[in-house]
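Here is the structure we will look at.
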Ligand SMILES: Cc1cc2nc3c(=O)[nH]c(=O)nc-3n(C[C@H](O)[C@H](O)[C@H](O)COP(=O)(O)OP(=O)(O)OC[C@H]3O[C@@H](n4cnc5c(N)ncnc54)[C@H](O)[C@@H]3O)c2cc1C
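In our numbering, the protein residues as written are 749 to 1173.
So, in structure tokens, the structure goes:
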């Protein structure tokens, strides 16, 4: 019998930029590099514990200044976007792009890029950064921004912490009251994948005045259950289902507000049940919780809508999965979507490595992405984000199969002029 134990990595908790400088300088000669973290560690159920020393900016979480004239907010990098947004809310302002859960920090989001269901309108989070302060790997403080040291600015944004530690940022805010901006959901449902993709393309290219938009597709492997008596299995069939949701501004009636309250409570309860339902036995409950996202309430506030996934899915999404996100230029969007789907469904059929394959998609009109495309000599177009999450049977995904899948994705990106959304590009 073997026992294993994990040793907690060293963690630094700076309170200001000078602390970050000291930490970086003191660690310069270490063999292992520092890992930067925005807030609390997130366990995705797949990664091995990281034993490198960690600098967490969770104590550098202040909102430093709100400039009402310029409509900007200056924050320390460890400030949570949800907290910044609340502070702005008191002035009738808000952040145009926030992530889908409440713990994301400004520095963490700047380091990955940051997209949301409002990206068809406002682009990426990093399009909305005016300037930033950082500490480079040698422990020197620098500043850069949209209008100064732009080359450095682009090197640090989206770099996943490798180009330096972001310590403070100035962000654009917009005039919006997220608690009193009510949205109504127009949902279109699909049982075949092709119609879903065609519809998503049409909505992304012509979003009208949708405040938020998102399409989700779920496709399960045929479910087999053992017969109670004798040998063999019963095949229960597959579930293939898609929904496109566009959320438009509306004026709510009293009864719609009441329905919103009931819906909010139900989703929260589902989230609690899902997080308690562990292991294999809990899978149907977690899938049901994820499925609840398809049935967003008819009317809700913009703030509720931005964190809809957070109320039910963060707990249900845990567990082994293969995830990929691609920015497809609109001219090749449908082709990229079909090819990715065929790639994952084909591997599932041949090897049984995946169980549930789900996809999420929305439009992204980003200046940053256009300039990234130009760097790769690709046409400057608007994009659709396509993400696939494939639930894994880990034992059925050996490393050579994983390599095949990754090279299949690379080929699709290359031939269709699409960009992978991760911090390694
Ligand atoms: C590639 C990628 C893209 C993602 N995109 C989205 C998205 O668009 N929308 C969404 O809702 N969720 C997204 N997520 C999930 C998650 O919400 C983000 O990773 C989010 O940035 C996590 O925020 P955090 O503050 O906890 O950062 P962490 O999870 O701690 O860090 C995220 C990354 O940023 C680096 N980092 C953190 N703080 C700093 C800093 N101050 N200076 C420099 N580097 C730093 C870390 O080293 C790490 O590479 C994404 C995840 C990944 C891995």
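Note that beta-carbon positions come from the ideal geometry of N, C-alpha and C, so glycine has one too. From a predicted model like this one, the values you see are computed outputs, not experimental measurements.
Have a look at the DSSP bridge pairing and note the partners of residue 865.
Position 117 of the chain shown, counted from the first residue, corresponds to residue 865. Checking the DSSP bridge columns, you'll see residue 865 has no partner listed.
For residue 792 and residue 1143, what's the separation of their Cα atoms in angstroms?
For the purposes of this step, residue 792 is taken as the residue at position 44 of the chain shown. For the purposes of this step, residue 1143 is taken as the residue at position 395 of the chain shown. Model confidence at residue 792 stands at a pLDDT of 45, short of 50, so the residue's coordinates are unreliable and nothing is read from them.
Out of 1103, 1077 and 965, point me to the one whose CA is closest to residue 1069's CA.
Start at 1 with the first residue of the chain shown, and residue 1069 comes out as number 321. The shortest Cα separation from residue 1069 among 1103, 1077 and 965 belongs to 1103.
Beta-carbon within less than 7 Å of residue 1079's beta-carbon, same chain only, minus the 5 sequence neighbours each way: which residues are those?
Reading the chain shown from its first residue, position 331 is the one you call residue 1079. Excluding sequence positions up to five before and after residue 1079, its CB lies within less than 7 Å of the CB of 1129, all in the same chain and listed in chain order.
Reduced DSSP secondary structure (H/G/I, E/B, other) of residue 880:
Here residue 880 corresponds to residue number 132 of the chain shown, with the count starting at 1. Strand at residue 880.
If the criterion is Cβ atoms closer than 9 Å, does the pair residue 887 and residue 803 meet it?
As a working mapping, residue 887 is identified with position 139 in the chain shown. As a working mapping, residue 803 is identified with position 55 in the chain shown. Against a cut-off of 9 Å, the Cβ pair of residue 803 and residue 887 comes out as no contact.
If you check the beta carbons only, do residue 1110 and residue 865 fall under 9 Å apart?
For the purposes of this step, residue 1110 is taken as the residue at position 362 of the chain shown. For the purposes of this step, residue 865 is taken as the residue at position 117 of the chain shown. The answer is yes: Cβ separation under 9 Å.
Residue 947 by DSSP, collapsed to three states: which one?
Against the chain shown, residue 947 aligns to sequence position 199. Residue 947 falls in the helix class under three-state DSSP.
Closest residue to residue 908 among 926, 895, 854 and 893 (Cα-Cα distance):
Position 160 of the chain shown holds residue 908. Relative to residue 908, the option among 926, 895, 854 and 893 whose CA is nearest is 854.
Where does residue 892 sit, in a helix, a strand or coil, going by DSSP?
Residue numbering aside, residue 892 sits at position 144 when the chain shown is read from its first letter. Of the three classes helix, strand and coil, the one that applies to residue 892 here is strand, per DSSP.
Just to confirm, are residue 1112 and residue 863 a CB contact at a threshold of 9 Å?
Indexing the chain shown from 1 puts residue 1112 at position 364. Indexing the chain shown from 1 puts residue 863 at position 115. Going by C-beta atoms, residue 1112 is nearer than 9 Å to residue 863.
Three-state secondary structure (DSSP) at residue 1069?
Position 321 of the chain shown holds residue 1069. In the displayed model, residue 1069 falls within a strand according to three-state DSSP.
Confirm the yes/no value for this check: CB of residue 811, any heavy atom of ligand 1, distance under 8 Å.
Stepping through the chain shown from its first residue, residue 811 is reached at position 63. Flag unset: Cβ of residue 811 not near ligand 1.
So the alpha helix (DSSP H) residue 853 belongs to, where does it begin and stop?
Stepping through the chain shown from its first residue, residue 853 is reached at position 105. Annotation: residue 853 is outside any alpha helix (DSSP H) and is labelled neither H nor E by DSSP.
Helix, strand or coil for residue 937? Go by DSSP, reduced to three states.
Along the chain shown, one-based indexing puts residue 937 at 189. Strand at residue 937.
Would you check if the distance between the CB atom of residue 911 and the CB atom of residue 880 is smaller than 9 Å?
One-based indexing of the chain shown puts residue 911 at position 163. One-based indexing of the chain shown puts residue 880 at position 132. Cβ atoms of residue 911 and residue 880: not closer than 9 Å.
CB contact flag (residue 1160, residue 1136, <9 Å):
The residue you call residue 1160 lines up with position 412 of the chain shown. The residue you call residue 1136 lines up with position 388 of the chain shown. Contact: no.
Quick check on residue 1129: does DSSP put it in helix, strand or coil?
The sequence position of residue 1129 within the chain shown is 381, counting from 1. Per DSSP, reduced to three states, the secondary structure at residue 1129 is coil, with no helix or strand assignment.
Shortest alpha-carbon distance to residue 895 belongs to which of 885, 875 and 813?
For the purposes of this step, residue 895 is identified with residue 147 of the chain shown, where counting begins at 1. The shortest C-alpha separation from residue 895 is found at 875.
For residue 1096, count the other beta carbons within 10 Å of its own beta carbon; 16 or more makes it buried, fewer makes it exposed. Which is it?
As a first step, residue 1096 must be located in the chain shown, where it is residue number 348. By the 10 Å Cβ count, residue 1096 comes out buried.
Closest to residue 918 by CA distance: which of 900, 891 and 935 is it?
Position 170 of the chain shown, counted from the start, is the residue given in the question as residue 918. Nearest in C-alpha terms to residue 918, of all of 900, 891 and 935, is 891.
Between residue 1074 and residue 1168, how many whole angstroms is the CB-CB distance? I'm expecting something under 8 Å.
Here residue 1074 corresponds to residue number 326 of the chain shown, with the count starting at 1. Here residue 1168 corresponds to residue number 420 of the chain shown, with the count starting at 1. Contact holds; Cβ gap of about 6 Å.
Curious, which full-length alpha helix (DSSP H) runs of at least 4 residues does the region 1080–1154 contain?
As for any alpha helix (DSSP H) of minimum length 4 sitting wholly inside the region 1080–1154, the runs are 1081–1099 and 1115–1123, ordered along the chain.
So, residue 1086 versus residue 945, is the Cβ gap smaller than 9 Å?
Taking the first residue of the chain shown as position 1, residue 1086 is located at position 338. Taking the first residue of the chain shown as position 1, residue 945 is located at position 197. In this structure, residue 1086 sits near residue 945, with a CB-CB distance shorter than 9 Å.
Put residue 832 into one of helix, strand or coil per three-state DSSP.
Position 84 of the chain shown, counted from the first residue, corresponds to residue 832. Three-state DSSP puts residue 832 in a helix.
So for residue 767, helix, strand or coil by DSSP?
Translated into positions along the chain shown, residue 767 becomes position 19. The DSSP-derived three-state label of residue 767 is helix.
Taking residue 763 as the reference, which of 1055, 824, 999 and 1082 has the closest Cα?
If you number the chain shown from 1, residue 763 lands on position 15. Measuring C-alpha to C-alpha distances from residue 763 to each of 1055, 824, 999 and 1082 identifies 824 as the nearest.
What do you reckon, is the C-beta of residue 860 under 8 Å from a heavy atom of ligand 1?
For the purposes of this step, residue 860 is taken as residue 112 along the chain shown, with counting starting at 1. Checking every heavy atom of ligand 1 against the Cβ of residue 860, one is found closer than 8 Å.
Cβ-heavy atom distance, residue 727 to ligand 1, below 8 Å:
In the structure as shown, the chain begins at 749 and stops at 1173. Residue 727 is therefore absent and cannot be evaluated.
Beta-carbon within less than 6 Å of residue 1121's beta-carbon, same chain only, minus the 5 sequence neighbours each way: which residues are those?
Against the chain shown, residue 1121 aligns to sequence position 373. Same-chain partners within the cutoff: 1128.
May I ask whether a heavy atom of ligand 1 can be found less than 8 Å away from the beta carbon of residue 1169?
Position 421 of the chain shown, counted from the first residue, corresponds to residue 1169. It does: the Cβ of residue 1169 is within 8 Å (strictly closer) of some heavy atom of ligand 1.
Have a look at 1091, 1119, 1140 and 1084 and flag the residue whose alpha-carbon is nearest the alpha-carbon of residue 1134.
For the purposes of this step, residue 1134 is taken as the residue at position 386 of the chain shown. Closest by alpha carbon: 1084.
I'd like the list of long-range same chain contacts for residue 884, defined as Cβ closer than 7 Å, with 5 residues on each side in sequence excluded.
To locate residue 884, count along the chain shown from 1; it is residue 136. Within the same chain, residue 884 has close Cβ partners 890 and 912.
Does DSSP classify residue 773 as helix, strand or coil?
By 1-based counting over the chain shown, the position of residue 773 is 25. It is helical.
Which residue or residues does DSSP assign as beta-bridge partners of residue 760?
Start at 1 with the first residue of the chain shown, and residue 760 comes out as number 12. According to DSSP, residue 760 bridges with 803.
Between residue 907 and ligand 1, is the CB less than 8 Å from at least one heavy atom?
Numbered from 1 along the chain shown, position 159 holds the residue referred to as residue 907. Residue side-chain check: residue 907 places its Cβ nearer than 8 Å to a non-hydrogen atom of ligand 1.
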